[in-house]
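Asker: Please see the structure below; I have some questions.
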Amino acid sequence: MAETQQPNAQVLADRQSARDNMSLRDIRRSMKRDPDGHGITALGFDGVLRTFDAERNVLDAVGLNPSQIREYYDGLPMPERFLAADGRNVSRRDMLNPNVEDIPRKPTEEDRARTRAYNEELKRRGVQCCVTDKSADDSELVSNHT
Numbered sequence: 073m074a075e076t077q078q079p080n081a082q083v084l085a086d087r088q089s090a091r092d093n094m095s096l097r098d099i100r101r102s103m104k105r106d107p108d109g110h111g112i113t114a115l116g117f118d119g120v121l122r123t124f125d126a127e128r129n130v131l132d133a134v135g136l137n138p139s140q141i142r143e144y145y146d147g148l149p150m151p152e153r154f155l156a157a158d159g160r161n162v163s164r165r166d167m168l169n170p171n172v173e174d175i176p177r178k179p180t181e182e183d184r185a186r187t188r189a190y191n192e193e194l195k196r197r198g199v200q201c202c203v204t205d206k207s208a209d210d211s212e213l214v215s216n217h218t
């Protein structure tokens with residue numbers, strides 16, 4: 073039994089080592105996504121970047137190192153809670169079964185209405201964006217820093 077666990081542990085260690093050297097962009101591209109396009113990507117307080125489907129089931133998870141977490145917040149103030157975060161220390165089991173605080177809440181109908189109104193106001197003012205006309209909750213990238 074120990075013989076089969078050792079290679080698995082080595083494979084996981086090798087995979088994590090390879091991801092340590094990847095850019096955040098490359099990590100995001102390599103992650104599984106919701107096939108319907110209604111998923112969300114979120115960085116948990118534990119330093120794990122996760123992709124979720126619309127119902128907030130975890131599809132994929134990668135533990136980020138401190139440098140990658142800083143890259144996630146590039147140009148934005150990083151919440152203090154992330155200063156000591158290191159997702160590489162989180163077990164695979166915990167990556168795939170996060171604490172409630174590490175699962176983004178689903179937007180309410182009121183949230184969606186606010187987003188639609190905001191987008192309409194931007195459109196009315198002539199503000200253009202490079203994103204195609206999709207709903208605000210499709211393929212979001214969020215962070216738990218409320």
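The numbering used here applies: residue 73 is where the sequence shown begins, and numbers increase by one.
All C-beta atoms in this analysis are idealised placements derived from N, C-alpha and C, irrespective of residue type, glycine included.
All figures in this text were calculated on a predicted structure; none of them were measured in a lab.
1. Roughly how many angstroms separate the alpha carbons of asparagine 93 and arginine 186, rounded to a whole number?
2. For arginine 122, count neighbouring C-beta atoms within 10 Å of its own C-beta (all shown protein chains included) and say buried if the count is 16 or more, exposed if not.
3. Jot down the residue ranges of each uninterrupted beta strand (DSSP E) in the segment 120–199, minimum 3 residues, whole runs only, in chain order.
4. With the cut-off set at 7 Å, would you say glycine 119 and glycine 159 are in Cβ contact?
5. Let's test the definition: count the other Cβ atoms within 10 Å of the Cβ of glycine 111 and tell me whether it reaches 16, buried, or not, exposed.
6. Could you tell me which of Ser139, Asp108, Asp106, Arg128 sits nearest to leucine 96, measuring between CA atoms?
7. Check whether the Cβ atoms of valine 130 and isoleucine 99 lie closer than 7 Å to each other.
8. Leaving out the 5 sequence neighbours to the left and right, which residues in its chain are closer than 8 Å to aspartate 125 when beta-carbon positions are compared?
9. Considering only C-alpha positions, which residue in the set Arg101, Leu168, Ser102, Lys104 is nearest to glycine 116?
10. Which first and last residues belong to the alpha helix (DSSP H) in which arginine 97 is found?
Answerer: So, from the listed chains and residues:
1. Spanning the two alpha carbons is a distance of roughly 39 Å.
2. By the neighbour-count rule (16 or more Cβ atoms within 10 Å), arginine 122 is buried.
3. Along the segment 120–199, the beta strand (DSSP E) occurs as fully enclosed runs of 3 or more residues at 120–124, 130–135, listed in sequence order.
4. Yes; because the gap between Cβ atoms is below 7 Å, this pair is in contact.
5. With 16 or more other CB atoms across the displayed protein chains lying within 10 angstroms of its CB, glycine 111 is buried.
6. Closest by alpha carbon: Ser139.
7. For the 7 Å CB-CB criterion, valine 130 and isoleucine 99 do not form a contact.
8. The beta carbon of aspartate 125 sits closer than 8 Å to the beta carbons of Asp106, Asp108, His110, Gly111, Leu131 from its chain, once the five residues preceding and following it are set aside; these are given in chain order.
9. If we check each option's Cα against that of glycine 116, Leu168 comes out closest.
10. Start and end: 96–102.
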